[in-house]
Structure formats: structure tokens, C-alpha cells
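First up is the structure itself, then whatever we jot down about it.
Protein chains: 2
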Amino acid sequence: MRTVEKALRLLDFFTDKVVEIGLSDLARQSGIDKATVLRMLSDMAECGFVEQNPETKRWRLGAGVLRLARLREHAQPVTRVLTPILEKLAQETGETAHASLISGRDLANIGVVEPSRANRVYIEPGLVLPLHATASGIAVTAFSRPEQQERVLARTLTAVTGMTPTSRAALEGMVSRARDRGFAVADQTYEAEVYGIAMPIFGPDGYATGALAVAIPASRAGEDHERQIIAALETAAHAATTRLGGRPSAEHRITY
Amino acid sequence: MRTVEKALRLLDFFTDKVVEIGLSDLARQSGIDKATVLRMLSDMAECGFVEQNPETKRWRLGAGVLRLARLREHAQPVTRVLTPILEKLAQETGETAHASLISGRDLANIGVVEPSRANRVYIEPGLVLPLHATASGIAVTAFSRPEQQERVLARTLTAVTGMTPTSRAALEGMVSRARDRGFAVADQTYEAEVYGIAMPIFGPDGYATGALAVAIPASRAGEDHERQIIAALETAAHAATTRLGGRPSAEHRITY
DNA sequence: GTTCATCGGTTCATTATATACACCGACGTT
DNA sequence: AACGTCGGTGTATATAATGAACCGATGAAC
Numbered sequence: 664m665r666t667v668e669k670a671l672r673l674l675d676f677f678t679d680k681v682v683e684i685g686l687s688d689l690a691r692q693s694g695i696d697k698a699t700v701l702r703m704l705s706d707m708a709e710c711g712f713v714e715q716n717p718e719t720k721r722w723r724l725g726a727g728v729l730r731l732a733r734l735r736e737h738a739q740p741v742t743r744v745l746t747p748i749l750e751k752l753a754q755e756t757g758e759t760a761h762a763s764l765i766s767g768r769d770l771a772n773i774g775v776v777e778p779s780r781a782n783r784v785y786i787e788p789g790l791v792l793p794l795h796a797t798a799s800g801i802a803v804t805a806f807s808r809p810e811q812q813e814r815v816l817a818r819t820l821t822a823v824t825g826m827t828p829t830s831r832a833a834l835e836g837m838v839s840r841a842r843d844r845g846f847a848v849a850d851q852t853y854e855a856e857v858y859g860i861a862m863p864i865f866g867p868d869g870y871a872t873g874a875l876a877v878a879i880p881a882s883r884a885g886e887d888h889e890r891q892i893i894a895a896l897e898t899a900a901h902a903a904t905t906r907l908g909g910r911p912s913a914e915h916r917i918t919y
Numbered sequence: 664m665r666t667v668e669k670a671l672r673l674l675d676f677f678t679d680k681v682v683e684i685g686l687s688d689l690a691r692q693s694g695i696d697k698a699t700v701l702r703m704l705s706d707m708a709e710c711g712f713v714e715q716n717p718e719t720k721r722w723r724l725g726a727g728v729l730r731l732a733r734l735r736e737h738a739q740p741v742t743r744v745l746t747p748i749l750e751k752l753a754q755e756t757g758e759t760a761h762a763s764l765i766s767g768r769d770l771a772n773i774g775v776v777e778p779s780r781a782n783r784v785y786i787e788p789g790l791v792l793p794l795h796a797t798a799s800g801i802a803v804t805a806f807s808r809p810e811q812q813e814r815v816l817a818r819t820l821t822a823v824t825g826m827t828p829t830s831r832a833a834l835e836g837m838v839s840r841a842r843d844r845g846f847a848v849a850d851q852t853y854e855a856e857v858y859g860i861a862m863p864i865f866g867p868d869g870y871a872t873g874a875l876a877v878a879i880p881a882s883r884a885g886e887d888h889e890r891q892i893i894a895a896l897e898t899a900a901h902a903a904t905t906r907l908g909g910r911p912s913a914e915h916r917i918t919y
């Protein structure tokens, strides 16, 4: 299999909670031989992607990722543009708002703003969202290029919760419904008790490049609240698209 | 060379100014065969490190780097901590202040704040600074582990300007002088007309992990100005070290 | 309107390189 | 003292990376 991809996938074992990982641990989790993992880590360390804690000998993300993020942000200031939009969205809806962008085969969370109320949904920063199991993923897929759409539908859909769509038919239904309505809804498909509503952000070619989403406790789901969220999302997503230099799809129309 | 490293080094061809690169161009610049470069880019794209502009077919940095940067920033909020320190430093000195961290074999610029005055030094965001040719690099090297120091001294030192130290002796002199004085000075070693002064940031083990620096037009270099900058740098670097959970080296004492 | 150069991308035989097993000393527990 | 685990090393083997030749498309030159 491809060595470069295997090496880069090692970085996905670092999460919000798992900040440092030991060599043997990483080898075990990834299923790759210890010697190989070490060589990959050393290679990535030479380039600044990871670094080794000199005391614990464990590995963590390196400063190189900060540099690259600055470069990308300088080329297109996604975070700077989306943060105020997310803040407004969280404030207007009183719920947790987050933004994700297509990153490889998945969706990468690149911004979260929580409302001030106590009972709110927590979303891990830097989370990888599966395209088939989240409102954001469905929204993006619904407005992707046909080939990209087919790639997602053709996958083996792993269940994250009991509500995750696992058959092609179920997913296809959710996607086409999202395309019709202009937004996607996911009822506890990724995490129990969490209900998500998402709207796509479009690129210059009229296809989705990411999504804005609002996550609410499932107990608060209800028609009025949902309408209010969708209205807030509509202006937010439109602002995000245009301020990022995108062009909304002609087929994107919101219908409740 | 190792494949993973070769692939990751491709990312270093993206800069402040070069936001997108075509396949043939990247192959030419890196000296790697076109087919190989394409495979590497495809692998990295699968992981979200790069993405292809669907119109121009050219490649750019992907959203995955934003995600990883968020994760690292969440684990240790380097940027958030250093930005206000840099702002104060730039304001106090009236000059461009910047911060860099060790990233692989080099130093990665991760923050710049410019003063309000018109005649100021411009530093590219996300720049890679060679350890031997910048004040920051000298400052870091002077307070690194002996092995690390030796690795830098043993390198083939490429000249960036006519003032860059290219002999081991010259570099050794600058490093030991920096160790004695507690800060490093670089007079147009990296860019003509730019004079840099840098002080190390220390990690928990008492060795340097990065540096804060002030860059001034060479024409403004002078003893009074320099003294003022060093004083501002001293408090700034101390604040950076402690607020990042580091411990200053016992050997770090400022002497003019 | 033809020519030519260059683009992104593909193919496939060759071989260089990644891999995995066995092994090391160090450390902490039992 | 025996055992398990850690990070790390050496090396024969086999797999995966490589690069030259080639493709169709595009655009500039004349």
C-alpha cells in the first residue's frame, strides 16, 4: 500500500484528548510494525510535522503544521472569515455552531463556537467527521460533483451509532432529501442525543467545499426551533460562500 | 532519500507568494519525476494535506493542515499565547516582531506583528528560517542540546546573503557570543538591509524550543535602539517561556 | 490552419526502498 | 530474580516506489 498515505494517517490518531502517543501504542493502534512506525515518525519529525517529547519519548504534533496552516490561512483566510459568522450563528440560535471543510475523503472540523447557555453540545476541535454520518457530511455530499457523490455512496458505511445510515439506499435518501430541501438533518447519526442541521458552503465552481452546522441536544429538537436555526443558517451559509469567493449553486433553494 | 520525507518536502515549495503550483512545475523545482510527484500529491490529497483546484488543475495546501493546527493549538495554545506578547513587543520597539519554533531541522515562523510606522521590515508569514543564517536560529542553537548544536555546526552552510556565516568557525563564534550575551544579533545574514535581534524561548527541559525576534532596517541599527529592543525582548521572552510552561535555562543571562 | 511546446496524467518493467522479524538494553512490577 | 513493556536497532526479503516513454488536450507562434 502507499507509504506516504500510511504515514500521514498516523497523524489522525492524535485527537483533542490524545495529545501525545508512545511508539508501541501507535504501532498497536495503527496495526503497523513498530520499526516502520518509528521510521515514519522520524521522517515526519525531520519535516516538523511531529516532535518527540524529550522526557517521555512520546510523540506529538509539531510546529510545522502551524506554519502550513498560517500559509493556507494567508492564501485564503478561511478561519478569519468563518469565526465571526459562527459567532453570530451561535448567538442567534443559542446553540453550538461549527464549520467543516472537505479534507481528503472526509470532512475536517475547523471551527466551533459554543453558545452561553449551560446545556449545549460539545464538539471536539479538529474532529474528523465522516461524510455519511453527519448533517454536515450529508449537506456537502448533496451538493458535490456526481463522481464525488458516487464515491461516498459506494463506500462501506460503518455505523457510528444505532441511527447511522448503513445502507446505500438509506444514505441516498438522506442525500436526495438534503438536495431538495437545501439543508441536511441528522438525528443522532453520529452521537447519541445530538441532533444536527447543516447547510453547504459553495466554492467558485458551484459545488460544496464544506458546511456550516448547528448541533443541538436531541431533547430540544422541535419545529419552531428548527425553523429558526434554518433561517439563521441560510444567511450564515450565504455569507460564508460569498466571503470565501464562492458562488452558490443554482440548485440550492431552501424549502422547509 | 526516504519517500515520506520527499513527499512532505514538496509542501515546502508553497510559500507566502506561491499559493498554487502545477504538477510539472513542482516536479521541475523538486527534481523529482512527474509521475512520482503526482502520486505523492494524490496520496497527500487523500489525507487532506493538499487539494487540487478543479479549474486550473494546480495544487494548493488543503484543509487538513488547518485541522492539525487546531489540534496542536488546543493541546498547547502557542499562537494564542505569543500573539499578545508580539503585539506588545512590536509596539514597545516600534519594529517588526516575530516568533519562530523549531520545526524539524529548521525554524518555522509562526507569528509576525508589524508596527504602525511606515518604514518597517516585512517578514513573510510561514517562512522557514535557516538556523545558521538568522538571529533567531543563532539564539536557538546557542541554547540547544549539545548534539543538536553539533548537528547545526556540522552542516554545509549555504550563503543566503554576502553576510551569511559559511564557515564553521564563523558560525561557532556567533553562537558562543549569543550564549554569552543571552541574545543573538544577525546583521544582514539572511536578507540585505535587515538587522535582527533574537532571544530564545525555553522548553520545560531548559533548552530552547524557539525564539522571539525583532527585525529592523539596518539603517536604524544603533546602540540606544538596540538596548531598548533587548530590554523589551527580555521581558517578552521571559513571559513567552513561562506562559508556555517552559523553564528558563540557568545559563541564560543578558549582558550587553 | 498547421506546427510545436507544454500541460496533466497513465503505463509498466526495473530496482530501490519499505517492511517485519528477531533482538537489544533499560525500566518497573510482581 | 523473573517477567512484561518500553524505545530503539539490524538485516534479509519482498513489496512498493520509480522514471522513461507515451497519451490526448490546450494554447501560442507563424
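Heads up: the sequence lines are chains A and B, in that order. The first sequence begins at 664 in the numbering used here and counts up by one. The second sequence begins at 664 in the numbering used here and counts up by one. Quick reminder that beta carbons are idealized off the backbone N, C-alpha and C, glycines included.
Interface flag for Ser807(A) against chain B is unset, since no Cβ pair is found closer than 8 Å. In chain order, Leu731 make up the part of chain B whose C-beta sits under 7 Å from the C-beta of Leu674(A).
Per the DSSP secondary-structure output, Ala876(B) pairs in a beta bridge with His761(B) and Ala861(B).
Judged by their CB atoms, Pro867(B) and Arg910(B) are nearer to each other than the 8 Å cut-off.
In this chain, the beta strand (DSSP E) harbouring Ala849(B) covers Ala847 to Asp850. In the structure shown, Ala871(A) falls within a strand segment according to DSSP collapsed to helix, strand and coil.
Burial check for Gln812(A): the Cβ neighbour count within 10 Å reaches 16 or more, so the residue is buried. The count of Cβ pairs closer than 8 Å, one atom from the stretch 824 to 837 of chain A and one from the stretch 752 to 763 of chain A, stays below three, leaving the stretches out of contact.
With respect to chain B, the C-beta atom of Leu752(A) has no partner C-beta closer than 8 Å. Per the coordinates, the alpha-carbon of Leu704(B) lies some 43 Å from the alpha-carbon of Glu897(B).
Selection Gln851(A), Glu714(A) and Glu889(A) evaluated against Met862(A) yields Glu889(A) as nearest (Cα-Cα).
Ala913(A) sits in coil when the DSSP states are folded into three classes, being neither helix nor strand. Bridge partners of Gly836(A) according to DSSP: none are assigned.
Annotation: Arg780(A) to Gln754(A) spans about 10 Å, alpha carbon to alpha carbon. Within the stretch 861 to 874 of chain B, those residues whose Cβ lies closer than 9 Å to any Cβ of chain A are, in chain order, Gly866, Pro867, Asp868, Tyr870, Thr872 and Gly873. Apart from the 5 residues on each side of it in sequence, Leu792(B) sits with its Cβ closer than 8 Å to the Cβ of Ser763, Asp769, Leu770, Ala771, Asn772, Ser799, Gly800 and Tyr853 in its chain, given in chain order. Three or more beta-carbon pairs separated by less than 8 Å are not found between the stretch 693 to 709 of chain B and the stretch 693 to 709 of chain A, which leaves the two stretches without contact. Val682(A) sits in coil when the DSSP states are folded into three classes, being neither helix nor strand. In the three-state scheme derived from DSSP, where H, G and I count as helix and E and B as strand, Val667(A) is classed as helix. Secondary structure at Val815(A): helix, using DSSP grouped into helix, strand and coil.
The alpha-carbon separation between Trp722(A) and Val713(A) amounts to approximately 7 Å.
If you draw a straight line from the Cα of Leu686(B) to the Cα of Thr819(A), it comes to about 32 Å. Contact holds between the stretch 723 to 735 of chain A and the stretch 716 to 733 of chain B, because three or more Cβ pairs, one in each stretch, are under 8 Å apart.
Listed along the chain, the chain B residues whose CB falls inside 9 Å of the CB of Pro788(A) are Arg730, Arg733, Leu734, Glu736 and His737.
Taking 8 Å as the CB threshold, Val784(A) stays off the interface with chain B. Proximity of chain B to Val682(A) at the Cβ level (cut-off 9 Å) is accounted for by Leu734, Arg735, His737, Ala738 and Gln739, in chain order. For Asp769(A), there is no enclosing alpha helix (DSSP H); the enclosing beta strand (DSSP E) has its first and last residue at Asp769 to Val776. The C-beta of Asp706(B) comes closer than 8 Å to at least one C-beta of chain A. Ranked by Cα distance from Ser882(A), the first of Gln692(A), Asp850(A) and Gly789(A) is Asp850(A).
Bounds of the beta strand (DSSP E) holding Leu724(A) are Trp722 to Leu724.
Straight across, the Cα-Cα distance linking Gly694(A) with Leu752(B) is about 48 Å. Taking the CA atoms as reference points, Asp688(B) sits about 42 Å from Glu718(A). Beta-bridge partners of Val803(B) (DSSP): none assigned. No Cβ-Cβ contact shorter than 8 Å links Ile864(B) with Ile893(B).
The closest CA to that of Met837(B), considering only Val857(B), Val815(B) and Glu787(B), is found on Val815(B). With distances taken between CA atoms, Ala903(B) lies nearest to Pro740(B) out of Gly767(B), Pro740(B) and Leu674(B).
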